Structure formats: structure tokens, C-alpha cells
């Protein structure tokens, strides 16, 4: 037994240690915490209020109440255009999920050298935004690009891609399908979490590959699909680099993504308050979409532990 | 955790925190002045710039010039942000398209007091350009880079096609331009794709002027782009690519970068380039073909050509205005202006720019008089004008609509902007 030499109670000593550990905790995360408050949290709150003002950085700031929001909804056709463009891009997230799932299924084979294939299929996801955009600008070049050259070889006259109002946005969506490596990796982890015994049991009952996929793989993958869906949706609301680097929002605003429109208002037209208002609107739209997806999970997401809990 | 480990990690955290605040600029112990100079110059132009800077530093050894180079499309946005953020460079050059935005924000320092003090007589320099950079008696910058539209001729391609190229005194018309363009457009290797084009582009504003039209009326109260002389000219220019296919379309030229058609000309794939005379001069440095200059073709009223300058000035927030002024004084001095001729830059001093020594030479482009003796007009750009005009041109070039309809809308937009001023 430890002799308590000091006249401090055991409880007080524990509290002292706890306090010390709390202090150490804050000290260790202080670099990150300061950075977050200064560069993310603070500015976010600041722009919340900025949406009610009008400011161009040089002339004095002016309070306009809901004036910015009024203008957004009644007097700004480009707002609706950018909302439409971004919505189409967000609606293409399922395409990306399907592509990622197909790649994951392919990567799940037990053949030799599969590790090499997995690396190769994941590499595109590691190419950073601007480099990727420039690379695909070359691929899509109407005259010299590989895509149109290939089409010419099989006798099709390719469209003008990034210079065509109808094909610019599809081009960017096609480009996004190339970087599904990260989605595929997560699906792969999910696929490997499916117990092999389920497949064996199904085979005994006479199920073919399609049945196995539809009745076993997919339902057990739904939590992973949910994750990729939410991450994909939130990410696609934020699409910017492709619009800025590849098409500058054109041709004729066909690829004017919402965040690109915010950027333009803030840093090219110097309408800070207006841009902040647009930003807040985006925040709410993303929030609502995420909530809708979340609420819908009870209809289609299957959690193993949940079912076990219910059966107990 | 033991005491030593705690102290070491605590110390590391303090270092991390501290380094956030100590990463500031170092303090120079010398009294050397560093001037920041923001521009978009690259390629051949940058070589000439550096040569000038070298001569300048020999004259003023304590002044060093530090360049901030941003590609043209981002240059002005970046500068406006720097001005707004209070970090504007000492020297900056702004294209005439965007000058007004900077003048309205008082971004440039008034040079009049410095000009008076130095005894420089501004009448010796091109007056129209000086006017571009003046507002209400204040001069905001010198027209350092300026130009007149002219036509660059690839003589080799003309000779190969057995055609006579237009010379410096030629009175050729826009129809001749189109005709020669058609004859120079070829599919050389027979793969169904045109490999050589006749022309790069035609400057719509110069054509409008030459056909008797204009962007605005005499007293700047109304936009006149909805008149036939104007929109027919714009349609004609777009048709060069879309209808007659003698010029590469924007999509086709895009493979060669932003100014794709100009780059294609430099690569020897186009017969005639309508561009700034300064470009023709600079391209001779690296052109692998025989390059000469022809005047802009004539319309009903003869050949009337667009002239434009730029504004090189000292920022109103400059930390070293005196030294920055010294650089401008250096540029305007007669010795430097004479150097311009050797460096393939167009002098600002009228006497030199119109001198035989500058205009006529043994090697390409042989004769610069088509640009220098042209009948010129310049466009007074106000905030939003360029964007409105370009948006209109984009729609016509995309083939989406006819110039007649598009420019009805553009004209009423511009009328609104004029009344708002």
C-alpha cells in the first residue's frame, strides 16, 4: 500500500493530474487550433456577417441588410445559371460511384500482381487539381487532342469539347470519372469486409454471380456507398479548379460552377458582401442535401450491427 | 511521460508557434533600394526588358529591380487585389483596356510634378497615348508599350503559292485580304484537315472604322454598334473562320495556347497575321521565315487603324517613389529611346519612331512605315466596356447568333452604361 506522505487526498491528486493533462492537451493542439481559428473558423463567421454588407475593399463598408440576398434571387440570372451547372455536376456523382464500384470489383480479384493493378488504378487520384486540368485540356483539344484523334481513327468527327456549349460540362464530368481511384479504394475495403461464408452459403442455394452481387454484395456495401455518396456530393458542390483553369466558366457560362461564380464576384468584381451571401446560400444547400441523404438512410442502408441488435 | 521528454516536446511546440510569427521579411543592412515591378512580359519582350534593366543598374548601382511577372489574363486581377490589399508594387504596367479601373481607385501616383521638375517635354512623345493615361490634368503613367494594328506577312508561304505579297505601300482592300486568304489556305498532306491557314484574324474595330462606323458617336452619348457599318464588319470577321474557313476557329487555334492563331503564325502555319506592330517586330527575333509588314486593308474610307497604349506608372502606395520615377525618367530619356530601336521595341519619342533609321532596315520586317504612317483612331475604354464587347464577339464567333442581333443587345447595354456614368 502506498503511504500518502503529502496531506493531499487521492481524489484531489487525480483532479490535479487531470487538469495537467488537459493543459498538455491544449498545448499540443494549439498550433492546429490557432491555425483553425485564424484561417478557417474566424473567417467563416466573418463572412456570415459580411453577407449583410456591401464592400469592395477600397470604399467604406456599407450595411445593406438583406439587399444582397434580394439581388441574388431576383436580379441575377448568372446565379441561376451557376446553380444549374453545379446541380448537373452534383447529379453526376452516382456515375462516379458506379465507376468506382466497377473498378473496385475488378481490383478485388485474387490474381497475381493485383497489387500492381491497384496502384495503377489509384494513381490518377493522386494527380493534383491544376496538373490534372491541364492534362485533360490537352486530351480534349479539338484539333490535336488524343480523344478526337482516336475518334477520327474510327471515323467520328469529335465535338469541340471544352469550346462547345453542349459538350464542355460533359467533358468535365468525363474527366472526373478518371479520378475515381479514391472512391474505388474505399469500396474495395468495403468489399473485403463481406464475409466469404455468405457467398458460399448462397452458392449452395444455387445463386449465380448476378444474384450474389445484388443480394449480398450491394446490401452489405450500403454503408460504404452512403459514405462515398455524402463525400462525393459535398465535394462536387465545391468544384472549382476545372472551371477556372479549363474553361474560365465558358463557353457562354456553360461551365460556370457556383464556387467559380463566388470567386469571380469576390476577386474579379470585388463585391465581397455579395460573394459572402452567395457562400452562405451554398452552405445551406449543402446542409439540406446532406440532411436529406442522411434521413433517407433508414430506407436503404443496412448495418450489420443494427440488425443483430434488433434480433437479440 | 518523463520530464525530459516533456521539456523537449514543449520546446518543439514553442518553436512551432514562434516560427509562425518570426517568418517575416529580413532587414537589409545595406541602403540598396529594391523596386518591385509588376508586368506580364515574357519571351522576346522580356529579353529586351532585362537588357534595359541592366543599363539602368549601371547608371544607378544602388537601385535593384525585382520583377513580378504574371501572365496577361491574371495580371490585372492580381494587381487590383494587391492594390486593394495595400501591397501594390512600386512600378506597374496596366493595359489600356483596364486603365480606368486603376485610375478610379487612385492606384497610380500623379507624375505631373515629376515631369515638370525634370523638364521633359511631353509633346515630343506620341500625344494620343499621353492623353490615354491622363485624367483631369493628372498624368498617371507613360505609354511604355504601345502599338498600331498592322499585318504580318509570311513571305515564304506567299512565294510557295506563287502569289504576290502586299507591300508597305499597297492599297489592298478587305476583299483582297479574303481572296489571298483563300488562296493560302491549304490541306497540304491531304488528310482532310487544313494544315495551313490564310489569315489569323482580322481586327473588327479597325474594319468598322474603315467602313465608316464607330463604337460610339461623336460626343460619347450613344453606342453605334447597332448600325450596319459596325455589325456587318463584325460578322465579316467572324465569317473568316466560320464561313470561309481561311482563319482557324477558336477551338482549332486553342491547341496552340491562348493566342493560338498568333502562335500558329509564328510556327509558319498561317500566311498573314493581323496583330500589333510591336508583335511583328518582336517575332522577327525568333521567326524562321521571311517576315514583312503590310498595312491594314482599306475599306470604304480607306485604311483606318486602331492604336492602343498601356500605362506604366508608379503606384500611389510605392515605398520608393523617387527611385521608381528615376526608372521612368530613364525610359523617357533620349539615350534609352535610341536603345529601344536596337532592342526591337517601338520608341515613344516621335522623332525616333518616325525616323528612317527605325522604319527601314535590311532585315525583317524591312519596313515599319505601314504601322507608323497609318491613319489611327484609339478607343477610350471605361470599366465594363471591354467585357461587354468581348462577350458580344464571343457569341458571334461561336456561331450562335448573327452579329446584327447580338450587337443590338450589346449596344443597348452600353447605352445604359453610358447614361449611368
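Protein chains in written order, with the numbering used here: chain A, 1 to 312; chain B, 1001 to 1421. Built from N, CA and C at the ideal position, the CB exists for glycine as well. All figures in this text were calculated on a predicted structure; none of them were measured in a lab.
Three-state class that DSSP yields for residue 140/A in the structure shown: coil
Nearest residue (CA-CA) to residue 1179/B, options 1190/B, 1360/B, 1166/B: 1166/B
Proximity to residue 1201/B [Cα-Cα], best of 1264/B, 1210/B, 1400/B: 1264/B
Straight-line Cα distance separating residue 1067/B from residue 1036/B: 6 Å
Between the CA atoms of residue 236/A and residue 84/A - distance to the nearest angstrom: 13 Å
Residue 1094/B - DSSP class collapsed to helix/strand/coil: strand
Proximity test, Cβ basis, 9 Å: residue 1042/B and chain A: no
Inter-stretch contact at 8 Å, needing at least 3 Cβ pairs: the segment 1294 to 1303 of chain B / the segment 1002 to 1010 of chain B: no
7 Å Cβ shell around residue 277/A - same chain, five flanking residues per side excluded: 51, 68, 69, 72
Nearest neighbour of residue 1290/B, chosen from 1041/B, 1365/B, 1116/B [CA to CA]: 1365/B
Anticipated Cβ contact below 8 Å, residue 1184/B with residue 1271/B, distance rounded: 4 Å
Extent of the continuous alpha helix (DSSP H) run through residue 1159/B: 1155 to 1160
DSSP-derived helix/strand/coil call for residue 313/A: Because chain A in this structure spans residues 1 to 312, residue 313/A falls outside the shown range and cannot be described.
Neighbour list for residue 58/A in chain B, Cβ cutoff strictly below 7 Å: 1084, 1105
Interface positions of the segment 1240 to 1262 of chain B facing chain A (Cβ-Cβ less than 7 Å), listed along the chain: 1250, 1251, 1252, 1254, 1255
C-alpha distance - residue 1215/B paired with residue 1284/B, whole-angstrom precision: 33 Å
Min CB distance residue 1010/B to chain A below 9 Å: yes
Residue span of the alpha helix (DSSP H) that contains residue 220/A, given as start and end: 218 to 237
Exposure of residue 1142/B, with buried meaning 16 or more beta-carbon neighbours within 10 Å: buried
Chain-ordered chain A contacts of residue 1077/B [CB-CB under 9 Å]: 267, 268
Residue 1127/B classed as buried or exposed, judged by whether at least 16 other C-beta atoms fall within 10 angstroms: exposed
Residue 1278/B beta carbon less than 9 Å from that of residue 1146/B: yes
Nearest-angstrom Cα separation, counted from residue 1374/B out to residue 1211/B: 16 Å
Inter-stretch contact at 8 Å, needing at least 3 Cβ pairs: the segment 38 to 55 of chain A / the segment 278 to 286 of chain A: yes
Same chain, Cβ closer than 8 Å to residue 135/A, neighbours up to 5 away in sequence not counted: 127
Cβ contact check for the segment 165 to 176 of chain A and the segment 204 to 217 of chain A: 3 or more pairs under 8 Å: no
Residues near residue 86/A in its chain [Cβ-Cβ closer than 6 Å; skip 5 each side]: 257, 258
Where residue 144/A meets chain B, residues with beta-carbon distance less than 7 Å: 1255
DSSP state of residue 1362/B mapped onto helix, strand, coil: coil
Reduced DSSP category for residue 1283/B - H, G, I as helix; E, B as strand; rest coil: helix
Reduced DSSP secondary structure (H/G/I, E/B, other) of residue 1276/B: strand
Three-state secondary structure assigned by DSSP to residue 283/A: helix
Nearest residue (CA-CA) to residue 1160/B, options 1196/B, 1150/B, 1380/B: 1196/B
Cross-chain neighbours of residue 1185/B in chain A, by beta carbon under 8 Å: Correct list: empty, because the minimum Cβ distance to chain A is about 15 Å.
Close Cβ partners of residue 1125/B (< 7 Å) along its chain, the five nearest in sequence each way excluded: 1348, 1349, 1350
Closer than 9 Å to chain B by CB, residue 208/A: no
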